[in-house]
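Numbering (the numbering used here), first residue to last: 60 to 319.
Backbone N, C-alpha and C fix where the C-beta goes; we use that ideal spot for every residue, glycine too.
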Amino acid sequence: MQASAEPLPTRAGVPPVPPAMSPDIDRLTRDFRQLISDFEVLLKNAQTLSSEGAAVARAELTRKREAAVPDSSSKGTRSSSHSSPHLTDVATLRQRARSHIEEGAVTPSYGADRDTVVKMLNDALATEIVCVLRYKRHYFMAQGLSSDSVKEEFKQHAAEEQDHADRIAERIVQLGGEPDLNPANLVARAHSEYVEGTSLVDMIREDLVAERIAIESYREIVEYLDGKDPTSHRMMRDILAVEEEHAEDLNSLLLGLKAN
Ligand SMILES: [Fe+2]
Ligand SMILES: [Fe+2]
Numbered sequence: 060m061q062a063s064a065e066p067l068p069t070r071a072g073v074p075p076v077p078p079a080m081s082p083d084i085d086r087l088t089r090d091f092r093q094l095i096s097d098f099e100v101l102l103k104n105a106q107t108l109s110s111e112g113a114a115v116a117r118a119e120l121t122r123k124r125e126a127a128v129p130d131s132s133s134k135g136t137r138s139s140s141h142s143s144p145h146l147t148d149v150a151t152l153r154q155r156a157r158s159h160i161e162e163g164a165v166t167p168s169y170g171a172d173r174d175t176v177v178k179m180l181n182d183a184l185a186t187e188i189v190c191v192l193r194y195k196r197h198y199f200m201a202q203g204l205s206s207d208s209v210k211e212e213f214k215q216h217a218a219e220e221q222d223h224a225d226r227i228a229e230r231i232v233q234l235g236g237e238p239d240l241n242p243a244n245l246v247a248r249a250h251s252e253y254v255e256g257t258s259l260v261d262m263i264r265e266d267l268v269a270e271r272i273a274i275e276s277y278r279e280i281v282e283y284l285d286g287k288d289p290t291s292h293r294m295m296r297d298i299l300a301v302e303e304e305h306a307e308d309l310n311s312l313l314l315g316l317k318a319n
């Protein structure tokens, strides 16, 4: 840009810039623009470096987190928190299966206290047997106008409680225990009670109370077994779901009888 011979226009009250100073202003303006341009480049570079630094820091954090997770492969357990699970190698699995072979289904990785589980299951077994006996009694004793449908419900429940008892007894044997079916101990060990009831409504109400007791106690057993004994846990969870259905059935029967 060439120097102007004329003074630059100014606002009122500001002295005009002498023509001799104009080239300096142009140069300063160019230098200033260059500085701004250089600063923008520097700023962009700094942002890039910052972004790369954050990525490096994230990668380092992930590496440290992964290093902090204990390696469970040496204990023969499986980890579910990684994309590639730690599975016990075949040789170790074969060697462990051969040791303590007399323990049947109970292998070294069994996570619960076996005696505690057998005791719990025996108490549940007693509960089921008492429920079978009570439902059988109610089935044979049910009388009255509405008794037919109620009798069928009692009969079905008795059969399902018997199935529960059989499944629990089988599991106790799998765990190396013995199902306690001694009649002298059944009522004392059962969670629910044996109440005969005098009328149809009485019987249904007592069965409902017994189911509610079983539901509470089985829920605790399911919680205890969670993560320790998957097979017993699944079995008791399935049985618990049926007891909840029984309670719902009985509640519907009670409401139906009261409405009539
Ligand atoms: Fe049951
Ligand atoms: Fe039940």
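State yes or no: is the C-beta of residue i nearer than 7 Å to some heavy atom of ligand 2?
i             : result
alanine 273   : yes
histidine 18  : This structure cannot speak to residue 18, because the chain is shown only from 60 to 319.
glutamate 270 : yes
glutamate 220 : yes
histidine 305 : yes
Mind checking whether the beta-carbon of residue i lies closer than 7 Å to any heavy atom of ligand 1?
i              : result
isoleucine 231 : no
isoleucine 280 : no
glutamate 302  : yes
glutamate 341  : Here the chain covers residues 60 to 319 and nothing more, so residue 341 does not appear.
histidine 223  : yes
For ligand 4, is there any heavy atom lying closer than 7 Å to the beta carbon of residue i?
i             : result
glutamate 211 : For ligand 4, the structure offers nothing, since it holds only ligand 1 and ligand 2.
Please classify residue i: is it buried, with 16 or more other beta-carbons within 10 angstroms of its beta-carbon, or exposed?
i              : result
asparagine 244 : exposed
lysine 134     : Residue placement at lysine 134 cannot be trusted, given a pLDDT of 41 that sits under 50; what the coordinates show is reported in the next sentence. It is exposed - the Cβ of lysine 134 has fewer than 16 other Cβ atoms within 10 Å.
histidine 223  : buried
aspartate 321  : Here the chain has residues from 60 to 319 only, and residue 321 is not among them.
asparagine 181 : buried
isoleucine 84  : exposed
histidine 305  : buried
aspartate 130  : For aspartate 130, the predicted model reports a pLDDT of 48, less than 50, meaning its position is unreliable and no value from the coordinates is stated.
Report back the beta-carbon spacing between residue i and residue j to the nearest angstrom; my notes put them in contact at under 8 Å.
i           : j             : result
valine 260  : leucine 313   : 7 Å
alanine 249 : threonine 186 : 5 Å
serine 291  : valine 176    : 6 Å
Under 8 Å Cβ to Cβ from residue i, same chain only, skipping five residues before and after it: list those, please.
i            : result
arginine 278 : Leu299
serine 139   : With a pLDDT of 43 at serine 139, under the threshold of 50, the modelled position of that residue is not reliable, and the figure given next carries that caveat. Correct list: empty, nothing qualifies.
Between which residues of its own chain and residue i is the CB-CB distance below 6 Å, once the five residues before and five after are set aside?
i              : result
isoleucine 263 : Leu309, Leu312 and Leu313
Which residues in the same chain as residue i place their Cβ atom closer than 7 Å to its Cβ, once the five residues preceding and following it in sequence are excluded?
i             : result
serine 251    : Thr186, Val189, Cys190, Ala269, Ile272 and Ala273
alanine 228   : Leu184 and Pro238
glycine 235   : Glu162, Gly163, Val165 and Arg173
threonine 136 : Caution is warranted here: a pLDDT of 41 is assigned to threonine 136, below 50, making its placement in the model unreliable, and the coordinate value is therefore given only provisionally. The answer, listed in chain order, is Ser168.
Check your understanding: Can you list, in chain order, the stretches of the alpha helix (DSSP H) that have 4 or more residues and sit fully within the segment 201-284?
Key -> Fully enclosed alpha helix (DSSP H) runs of 4 or longer: 206-233, 242-248 and 259-284.
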